[in-house]
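**Student:** Going letter by letter, the sequence shown gives residues 1 to 570 in the working numbering.
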Amino acid sequence: MRRFTGSGRPLEHVLLNRIGVIHDLWYKNAVIYCLNVETFLDSNGDGIGDFVGLTSRLDYLAGLGVTCLWLLPFYPSPNKDDGYDVADYYGVHPRAGTFGDFVEFMNHAQQLGLRVIVDLVINHSSNQHPWFKRARSDPRSPFRQYYVWSKRRPKGWNKGMVFPGVQRATWTWDPVAREYYFHRFYDFQPDLDAHNPAVKEELMRVMGFWLQLGVSGFRMDAVPFLIERKGSDVRPQRDYELLHDMRDFLQWRCRDAIMLAEANVPPDESMQYFGDHGDRLQMMLNFWVNQRMFYTLATADTAPLKHALRATYARPPAAQWGMFLRTHDELDLGRLTPGQRAAVFDAFAPEPDMQLYNRGIRRRLAPMLKNDRRRLELANSLMFTLPGTPILRYGDEIGMGDDLGLPERYAARTPMQWSADRHGGFSTAPRILRRAVADPIYGYQRVNVADQRRDSNSLLNWTERIIRTRKECPEISWGDWKILPVQPREVLAMRYQWNGRALIAVHNFADRPCAVRLRAEGPEGHTLTNLLSQEESAADASGRHLLHLEPYGYRWLRVGRLDRPLRGSS
Ligand code: NOJ
Ligand code: CA
């Protein structure tokens, strides 16, 4: 199936310029890197990462090849949920730096061609936000209606918690207001009512503010909850039109800015977030595929992953999936069947302490995969070749570990490991915000940027190479794709086609070698050129290629030769 525009012409024809490279819709072929300023690099020795520190490492990020940074919340906040409890939407947390530092950072990023998107956390504020303080203390204040109240304890007061086991209710009594208030997340995160026109206006103002400072868009927190109609006697219906209004506003202000939604919803519902005509959000994190990727990594059974890929195949032409392995949250397995979830827990989080909220895993990727380089490459190679835009989590490029001694999701939010120096070179302070991982396998003494930079076989250099190659394969993010029928079942082979070019990616999830026969298809299908090594394959008399894959082996294969001109006939 090709994707067509309103005029009936395939999208790629409309957007191609003469040399066949697309400059618009930058997010389609981007490589996103997410990080928290406070755990990246501390420049002034107070133990907390800051914008000056991050700015000094922009060369590192540009060198790695990523094209867009997603910054986790850095706003003034009591930091009871790592910044997802915002006390001022128009500020920079003083410990992360000043506005001057932020603008310098933005300038430096722009010089290096790096885009920046920031977290927009507007489903709820902190209870320390001046809006909530005024709302609770004065029933006549206009801010009262910014939030969601009930005089009596609503029936479902202990239902719908996002953090079961840690969070006890969704409606909590406020002794100051003398009413119950609604909070989908922790009780210090009262929900805002985005359907109140005043809140909506504020939301747009916040977006306009950061756009004016040069950001290229937003990662939007908790979108399904944001757009829900809220109230003790209201049916919790989702109002997707709010997303349309936000999109309009976004693009009036900044034509190429995007919104990347955090919405862990089933595939058919996802279309509502993109909008039938692609008129709502440009990007969504693909949680559906993410959960099945881990199932496949755990069991080598590729069937649910194939199913998930097909289920998320359809999307409006300009829309795009964000493909990721790990984020700052737990690996949420809530949408697998109980049997599938148990298999992933068995393989990757056998101890109860590794699991969280009855649905997820609070570990980093490397420890889950037992630090097996073959499996780390396999997982990353898969993520980089799934049809969408790859999103890399800081530290995964060097295979950082976690610290299960830290509570909840903080286990996987430890400081970036720059060197073998104290605190992994993150800070010169005697004590730091969150201790660096120091165990014998994943500790900064063994896993750090400085060492890996100088080792040509390091995971860091592998990641740099794979990013470079990925950026040269726009057919993965732009093209049409299909799953090739191959044996054995533990192998996933995908073929992407775009603008007369084609590519095949093959992944073997089994711990044993295998031989795979496949047809490359197309006029140049008699040759396959490995993009990551000197290998070339010629088809046999029947037109099929025979590939020998190692245990956990993978291949990125250009259909045809490398030296062909960029643009062919499509
Ligand atoms: C999703 C964020 O990713 C998570 O870290 C946070 O706790 C909740 N939303 C609440 O903002
Ligand atoms: Ca600092």
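Note that the Cβ used here is the ideal one computed from N, Cα and C, for glycine as well.
Could you check whether the Cβ of Ile48 sits closer than 7 Å to any heavy atom belonging to ligand 2?
**Tutor:** For ligand 2, at least one heavy atom lies less than 7 Å from the Cβ of Ile48.
**Student:** What distance in whole Å lies between the Cβ atoms of Leu243 and Leu281, which are believed to be in contact at a cut-off of 8 Å?
**Tutor:** Indeed, because the Cβ distance is near 6 Å, the residues count as touching under 8 Å.
**Student:** Could I get the ranges of all uninterrupted alpha helix (DSSP H) runs contained in the region 36-114, with 4 residues as the minimum, in chain order?
**Tutor:** Taking only runs of at least 4 residues, the alpha helix (DSSP H) segments lying wholly in the region 36-114 are 51-56, 58-64, 99-111.
**Student:** With H, G and I counted as helix, E and B as strand and the rest as coil, what does DSSP make of Arg558?
**Tutor:** Looking at Arg558 - three-state DSSP - the assignment turns out to be strand.
**Student:** Please confirm if the region 148-167 is in contact with the region 103-116, defined as three or more CB-CB distances below 8 Å between the two stretches.
**Tutor:** Touching, no, given that fewer than three Cβ pairs across the two stretches are closer than 8 Å.
**Student:** Taking the continuous beta strand (DSSP E) assigned at Gln320, which residues delimit it?
**Tutor:** Start and end: 320-324.
**Student:** For Val289 and Arg374, what's the separation of their Cα atoms in angstroms?
**Tutor:** For Val289 and Arg374, the distance between alpha carbons rounds to 21 Å.
**Student:** So is Ala538 buried or exposed if we call it buried at 16+ other beta carbons inside 10 Å?
**Tutor:** With fewer than 16 other Cβ atoms within 10 Å, it is exposed.
**Student:** Secondary structure at Gly217, three-state DSSP: helix, strand or coil?
**Tutor:** If DSSP states are grouped into helix, strand and coil, Gly217 belongs with the strands.
**Student:** DSSP state of Met259, grouped into three classes?
**Tutor:** In the structure shown, Met259 sits in a strand (DSSP, three-state: E or B).
**Student:** On the three-state DSSP scale, how would you describe Asn530?
**Tutor:** Asn530: strand per DSSP, three-state reduction.
**Student:** As a quick exercise: from Ile483, Trp498, Asn499, pick the residue whose alpha carbon is nearest that of Leu492.
**Tutor:** It is Ile483.
**Student:** Listed in chain order, which residues are found with a beta carbon closer than 5 Å to a heavy atom of ligand 1?
**Tutor:** Listed by chain position, these are Asp81, Tyr84, Phe185, Asp221, Ala222, Asp329.
**Student:** What's the call for Pro571, buried or exposed, on a 16-neighbour Cβ count within 10 Å?
**Tutor:** Since the first and last residues shown for the chain are 1 and 570, residue 571 lies out of range.
**Student:** Between Arg341 and Thr172, what straight-line distance do the alpha-carbon atoms span, to the nearest angstrom?
**Tutor:** Between Arg341 and Thr172, the C-alpha separation is close to 32 Å.
**Student:** Starting from Trp418, follow the alpha helix (DSSP H) in both directions and report where the run begins and ends.
**Tutor:** Looking at the DSSP string, Trp418 is not in any alpha helix (DSSP H), and its letter there is neither H nor E.
**Student:** Report yes if the CB atom of Ile466 is closer than 8 Å to the CB atom of Ser533, and no otherwise.
**Tutor:** Going by C-beta atoms, Ile466 is not nearer than 8 Å to Ser533.
**Student:** By Cβ distance, which residues of its chain are closer than 6 Å to Arg136, with the 5 residues on each side in sequence left out?
**Tutor:** So the qualifying residues of the chain are Asp174, Val176, Ala177.
**Student:** If you draw a straight line from the alpha carbon of Arg489 to that of Val148, how long is it in whole angstroms?
**Tutor:** Distance between the alpha carbons of Arg489 and Val148 is about 51 Å.
**Student:** Exposed or buried, what is Ala505 when buried is set at 16 or more other beta-carbons lying within 10 Å of its beta-carbon?
**Tutor:** The residue in question, Ala505, is buried, as its Cβ has 16 or more Cβ neighbours within 10 Å.
**Student:** Looking at ligand 2, does it come within less than 7 Å of Asp248, judged from the CB to the closest heavy atom?
**Tutor:** No; taking the cut-off as 7 Å, the Cβ of Asp248 has no heavy atom of ligand 2 nearer than that.
**Student:** In three-state terms, what does DSSP make of Pro551?
**Tutor:** Coil, per DSSP.
**Student:** Taking the alpha-carbon positions, what's the Asn358 to Leu309 distance?
**Tutor:** Their Cα atoms are separated by approximately 25 Å.
**Student:** Buried or exposed for Pro440, please, with buried defined as at least 16 other CB atoms from any protein chain shown within 10 angstroms of its CB.
**Tutor:** The residue is exposed, with fewer than 16 neighbouring Cβ atoms inside 10 Å.
**Student:** If contact is defined by three or more beta carbon pairs under 8 Å, each pair taking one atom from either stretch, is the region 189-200 in contact with the region 88-102?
**Tutor:** Too few Cβ pairs lie closer than 8 Å, so no.
**Student:** So, is Lys230 buried or exposed, given that buried needs 16 or more other C-beta atoms within 10 angstroms?
**Tutor:** By the neighbour-count rule (16 or more Cβ atoms within 10 Å), Lys230 is buried.
**Student:** Find out if the Cβ-Cβ distance for the pair Thr385, Asp403 is shorter than 8 Å.
**Tutor:** Not in contact: Thr385 and Asp403 (Cβ atoms no closer than 8 Å).
**Student:** Is it the case that the CB of Asp174 approaches a heavy atom of ligand 2 more closely than 7 Å?
**Tutor:** No, since every heavy atom of ligand 2 falls outside the 7 Å radius drawn around the Cβ of Asp174.
**Student:** Leaving out five residues on either side along the sequence, give the residues of the same chain with a beta carbon under 6 Å from the beta carbon of Ala510.
**Tutor:** Closer than 6 Å at Cβ, skipping near neighbours: Ala300, Glu490.
**Student:** Can you give me the Cβ contacts of Trp556 inside the same chain, cut-off strictly under 6 Å, excluding the 5 residues immediately before and after it?
**Tutor:** These residues qualify, in order along the chain: Ala505, Leu531, Leu532.
**Student:** Classify Phe182 as helix, strand or coil using the three-state DSSP reduction.
**Tutor:** Strand.
**Student:** Might you give, ordered along the chain, the residues of its own chain that have their beta carbon closer than 8 Å to the beta carbon of Arg335, omitting 5 neighbours on each side?
**Tutor:** Contacts found: Asn264, Pro266, Phe287, Trp288, Gln291.
**Student:** Smallest Cα separation from Ser56: which of Thr67, Gly83, Ala109?
**Tutor:** Nearest option by C-alpha distance: Ala109.
**Student:** Based on Cα-Cα distance, which residue from Ala515, Ser542, Leu546, Cys514 lies nearest to Thr529?
**Tutor:** Nearest C-alpha to Thr529: Leu546.
**Student:** If you compare alpha carbons, which of Ala30, Trp26, Ile32, Asn36 is closest to Leu433?
**Tutor:** The option with the nearest alpha carbon to Leu433 is Asn36.
**Student:** Tell me, please, whether the region 271-281 touches the region 352-367 by the rule of three or more beta-carbon pairs shorter than 8 Å.
**Tutor:** The region 271-281 is not in contact with the region 352-367.
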